[in-house]
Amino acid sequence: MAKFLRLHIRGIRSVGDEDHNVHKIEFLSPCTLINGPNGTGKTTTIEALNFVTTGQMPTQKKQAFIHSTDTKNTAQVEEHSLTIKYPDGTTNSLTSKVCDFNKAILHHLGVPKAIFKYVIFCHQEDSTWPLSEPKELKTRFDDIFQLTKFVKAQDRMKKLVVEYVSLENHGIRRLIANRAKLAPTVDSVPTMRQ
1 MAKFLRLHIR GIRSVGDEDH NVHKIEFLSP CTLINGPNGT GKTTTIEALN FVTTGQMPTQ
61 KKQAFIHSTD TKNTAQVEEH SLTIKYPDGT TNSLTSKVCD FNKAILHHLG VPKAIFKYVI
121 FCHQEDSTWP LSEPKELKTR FDDIFQLTKF VKAQDRMKKL VVEYVSLENH GIRRLIANRA
181 KLAPTVDSVP TMRQ
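Counting in the UniProt record's numbering, the sequence shown runs from 1 upward without gaps.
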């Protein structure tokens with residue numbers, strides 16, 4: 001089972017972008033409850049987790065989400081790091097320079113992006129999507145259950161079966177034709193007795 005151990009937040013929403021402003025969150029096992037009064041950073045934490053897992057910024061809040069990107073005579077390198085600790089104790093570290101970070105996280109967590117987007121990190125304003133129009137609802141469920149991939153795979157398998165049956169039928173017809181050609185020759189060869 002994959003889980004988050006800790007999250008360091010810096011330069012997002014009300015969290016400053018200097019080293020001393022880093023917010024460090026240690027996640028508890030099996031569950032961490034995020035609560036507190038207004039202005040304590042609950043939404044910031046959730047939006048940071050959403051950004052880390054899916055790469056999506058909050059809708060229509062991009063300007064308020066990340067601090068200004070103005071240069072302040074400092075070199076800034078945007079980097080993500082992921083350390084994977086396996087049950088046998090071995091570890092593997094990945095950085096954004098080595099791989100597509102968000103795909104790696106989703107792969108290791110084993111959860112489709114749509115579940116993060118529509119279920120786990122569904123914003124309070126969008127939480128009524130299960131009551132939306134049937135067409136939009138079907139699209140979201142298709143994303144969540146990855147039905148589009150399933151339907152494409154199913155169509156491909158049907159085509160392969162038709163192709164295979166066609167090849168088999170062609171082979172059987174050839175065998176029947178060859179048998180008809182060889183029948184007189186086989187009949188003319190004396191049978192061998194033991």
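Yeah, the Cβ is synthetic: ideal placement off N, Cα and C, and Gly gets one too.
- DSSP, read as helix, strand or coil, puts E26 in strand.
- A direct Cα-to-Cα measurement between L106 and I34 gives close to 22 Å.
- Classified as exposed, T128 has fewer than 16 neighbouring CB atoms from the shown chains inside 10 Å of its CB.
- Of the candidates A114, C122, L167, S29, A114 places its Cα closest to the Cα of F141.
- DSSP places S81 in the strand class (E or B) of the three-state scheme.
- With 16 or more neighbouring CB atoms inside 10 Å of its own CB, A48 falls in the buried class.
- In the DSSP secondary-structure assignment, S93 is bridged to T83.
- Here R6 carries a strand assignment [DSSP, helix/strand/coil].
- Inclusion of I25 and R13 in the CB contact set at 8 Å is not warranted, their separation being larger than that value.
- Annotation: the continuous alpha helix (DSSP H) that includes E163 extends over 147-188.
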